[in-house]
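**Student:** Residue numbers (this note's numbering): 48 to 366.
Have a look at this one.
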Amino acid sequence: MKKIGVLTSGGDAPGMNAALRAVVRMGIHRGHRVFAFYNGFKGIVENESTEMYNRSVGDILTRGGTIIGTARYPEFVKPEIQKQAARNFKLLEMDGLIVIGGDGSFRGALELKKLGIAVLGIPGTIDNDINGTDSTIGFDTAVDTVLDNIKKLRDTASSHQRTIIIEVMGRTSGWIALKSGLAGGAEAIIVPEMPFDLEDLIHRLESGIARGKKHSLVVLAEGVMSATELSDKMKDAMGFTANTVVLGYVQRGGSPTASDIILASRMGARAVDEIASGMSGVMIGLLKGELVTTPFEEVIAEPKIIDPNLYHLAMALVH
Ligand code: ATP
C-alpha cells in the first residue's frame, strides 16, 4: 500500500478532472491511499491537502476545469521553496507524486525529483506543445471549442461578406490554430512555427474574393501577433478593416470531449501503476495509440512544434 499525492498545475484544461478521477479510483482499487494537493505546487508548500475517496471524485468526469484548483505559482522556481515542498511532502510520508499539467509543471516536477521525491507527469494542457505524446489532455476539447466558434463566425462573415480574424491561444505553439483552422476550413492559418508573410496572406484572401468567396476567415495564434495588429497591417494593404475576435478563456472551458476523457482516464490509471512500481521522473504519453513514458528532461527540452504536412494540407485545401 502506497501513499500517492496528486495535483493539477499551470493552465486548467478540460479533462484534468477525468485524470484526477482515474488516479483516485485506480489508486484505491489497487489498495493505495490518494491525497490531493490544492492549487498546484502551492498546495505542497502551504500544506493544503486532503485524502481522496471514490466519492470525492463523483460526478466530475465530464466537468471542465479542475476541482482541486490549479495555480500559476512562480515562487516555485526558487530552490528554497522547492526544498520546503520536498520537506513537507516527506513529512506526510508520501511515496510518490503525480503532477497533471504542462511543460512548466514538469520543470517543477523535475526539481522535486532531484530532491528525492518520486514524481510522475500527466500532460494536461490545451496547448498540445508537449513532446512524448501525440495529444495532451484538453487539446481535443479546445480545438472543438474553437471549431464551434469558427462555424458561428462563418455564418456572420458570409452574410456580411466580411473578413474575420480569430485570435486563438498558443504563445509558442500553433497546434490549436492549425487543427481548428484545418477543421474549420479557414482561408489562412498563422502560427509561430511558420514564417509570416503579409503579401502571401493578402494574395490568398484577395484571390479567394476574386473567385467568389463570400467570406474570409483567418485563424491566428496569439504568439505571432494580436488580432488588432494583424488587422492594422491588413488594412494598410487591403484598404478595408477586418473584424477581430479574441476567443480567450472560452478555449479552456467546457465539458471535455469523449476523446479527452478517455485519454485522461488511461493516463491517470497508468500513472498510478507506474508510480507504485517505483518509476519516477517520467511523463506518461500516448504515442501511436500506446501509452509510453518519456523522461522529463526529454519532454521539456523543446516544445513540440506543429506538423508542417498538416499545415500545407490545410493551405492546399482552401482554394
Ligand atoms: P500550460 O501549458 O497550461 O501553461 P504549464 O504547466 O506549462 O501549463 P506554467 O505556468 O508554465 O504552466 O507552469 C506551472 C507551474 O509550474 C508554475 O506556476 C510553477 O509553479 C511551476 N514551474 C514552472 N516552471 C518552473 C521551473 N523552471 N522550475 C520550477 N517550477 C516551475
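For glycine and all other residues, C-beta sits at the position ideal for the given N, C-alpha and C.
Between Ala65 and Arg317, what straight-line distance do the alpha-carbon atoms span, to the nearest angstrom?
**Tutor:** By 1-based counting over the sequence shown, the position of residue 65 is 18. By 1-based counting over the sequence shown, the position of residue 317 is 270. Between Ala65 and Arg317, the C-alpha separation is close to 13 Å.
**Student:** When the Cβ atoms of the region 196-212 are set against those of the region 303-313, are three or more pairs found closer than 8 Å?
**Tutor:** Counting Cβ pairs under 8 Å, fewer than three are found: no touch.
**Student:** Given a cut-off of 8 Å, decide if Leu229 and Ile211 are closer than it, judged by their beta-carbon atoms.
**Tutor:** Here residue 211 refers to the residue found at position 164 of the sequence shown. Here residue 229 refers to the residue found at position 182 of the sequence shown. No, these two residues do not count as a Cβ contact at 8 Å.
**Student:** At a threshold of 7 Å, does Tyr120 count as lining the ligand ATP (C-beta to nearest heavy atom)?
**Tutor:** Against the sequence shown, residue 120 aligns to sequence position 73. Yes, the beta carbon of Tyr120 sits closer than 7 Å to at least one heavy atom of the ligand ATP.
**Student:** Is DSSP giving Asn290 helix, strand or coil here?
**Tutor:** As a position in the sequence shown, residue 290 is number 243, starting the count at 1. Looking at Asn290 - three-state DSSP - the assignment turns out to be strand.
**Student:** Relative to the alpha-carbon of Gly232, which residue among Val70, Val365, Asp283, Asn94 has its alpha-carbon at the smallest distance?
**Tutor:** In the sequence shown, the residue the question calls residue 232 occupies position 185. Measuring from the Cα of Gly232, the nearest candidate turns out to be Val365.
**Student:** Just to confirm, does Phe186 get its C-beta within under 7 Å of one of the non-hydrogen atoms of the ligand ATP?
**Tutor:** On the sequence shown, position 139 is the one that residue 186 refers to. Not under cutoff, so the answer is no.
**Student:** When you measure from the CB of Glu234 to every non-hydrogen atom of the ligand ATP, does any distance come out below 7 Å?
**Tutor:** For the purposes of this step, residue 234 is taken as residue 187 along the sequence shown, with counting starting at 1. Outside the cutoff, so no.
**Student:** Can the beta-carbon of Arg68 be found closer than 8 Å to that of Leu108?
**Tutor:** Walking along the sequence shown from the start, residue 68 turns up at place 21. Walking along the sequence shown from the start, residue 108 turns up at place 61. The answer is yes: Cβ separation under 8 Å.
**Student:** Does the Cβ of Gly155 lie closer than 7 Å to at least one heavy atom of the ligand ATP?
**Tutor:** To locate residue 155, count along the sequence shown from 1; it is residue 108. Because some heavy atom of the ligand ATP lies under 7 Å away, the Cβ of Gly155 counts as near it: yes.
**Student:** Alpha carbon to alpha carbon, how far is Gly325 from Lys160?
**Tutor:** For this step, residue 325 is matched to residue 278 along the sequence shown. For this step, residue 160 is matched to residue 113 along the sequence shown. Approximately 12 Å between the Cα atoms of the pair.
**Student:** Looking at C-alpha atoms only, which residue of Pro355, Gly168, Thr219, Val238 is the closest neighbour of Met330?
**Tutor:** By 1-based counting over the sequence shown, the position of residue 330 is 283. The shortest C-alpha separation from Met330 is found at Gly168.
**Student:** In angstroms with no decimal places, state the Cα-to-Cα distance between Arg110 and Gly87.
**Tutor:** Stepping through the sequence shown from its first residue, residue 110 is reached at position 63. Stepping through the sequence shown from its first residue, residue 87 is reached at position 40. Arg110 and Gly87: Cα-Cα distance of roughly 19 Å.
**Student:** Alpha carbon to alpha carbon, what distance is there between Ile51 and Glu246?
**Tutor:** For the purposes of this step, residue 246 is identified with residue 199 of the sequence shown, where counting begins at 1. For the purposes of this step, residue 51 is identified with residue 4 of the sequence shown, where counting begins at 1. Each residue's alpha carbon lies about 55 Å from the other.
**Student:** Starting from the Cα of Ser182, find the closest Cα among Asn135, Val339, Ser96 and give me that residue.
**Tutor:** Here residue 182 refers to the residue found at position 135 of the sequence shown. Taking only the C-alpha atoms, the option nearest Ser182 is Val339.
**Student:** Run the proximity test for Gly87: is its beta-carbon closer than 7 Å to any non-hydrogen atom belonging to the ligand ATP?
**Tutor:** Taking the sequence shown and counting its residues from 1, one reaches residue 87 at position 40. Yes.
**Student:** Would you give the residue range spanned by the alpha helix (DSSP H) that Pro126 belongs to?
**Tutor:** Here residue 126 is taken as the residue at index 79 of the sequence shown, counted from 1. That run of the alpha helix (DSSP H) goes 126-138.
**Student:** Nearest to Ala274 by CA position, among Ile256, Gly295, Arg258, Gly286, is which residue?
**Tutor:** For the purposes of this step, residue 274 is identified with residue 227 of the sequence shown, where counting begins at 1. When each option's Cα is compared against that of Ala274, the closest is Gly295.
**Student:** Please classify Glu214 as buried or exposed, where buried requires at least 16 other C-beta atoms within 10 Å of its C-beta.
**Tutor:** Sequence index remark: in the sequence shown, residue 214 carries index 167 (1-based). Answer is buried; the Cβ neighbour count reaches 16.
**Student:** Does Lys351 come out as helix, strand or coil in the three-state DSSP assignment?
**Tutor:** Mapped onto the sequence shown, residue 351 falls at position 304. Of the three classes helix, strand and coil, the one that applies to Lys351 here is coil, per DSSP.
**Student:** Does the distance from the C-beta atom of Ile173 to that of Ala60 stay below 8 Å?
**Tutor:** Working through the sequence shown from its first residue, we reach residue 173 at position 126. Working through the sequence shown from its first residue, we reach residue 60 at position 13. Their beta carbons are under 8 Å apart, which means Ile173 touches Ala60 by this criterion.
**Student:** For Glu21, which option in Leu248, Thr219, Ile256 has the closest C-alpha, if you only look at C-alpha atoms?
**Tutor:** A query on residue 21 cannot be resolved here, the shown segment of the chain reaching from 48 to 366 and no further.
**Student:** May I ask you to check if the CB of Phe123 is nearer than 7 Å to at least one heavy atom of the ligand ATP?
**Tutor:** By 1-based counting over the sequence shown, the position of residue 123 is 76. Checking the Cβ of Phe123 against the ligand ATP gives yes.
**Student:** Less than 8 Å between the CB atoms is what I'm expecting for His76 and Ala323, so what's the real figure, rounded?
**Tutor:** Taking the sequence shown and counting its residues from 1, one reaches residue 76 at position 29. Taking the sequence shown and counting its residues from 1, one reaches residue 323 at position 276. Not quite, the Cβ-Cβ distance comes to about 11 Å (not below 8 Å), so this is no contact.
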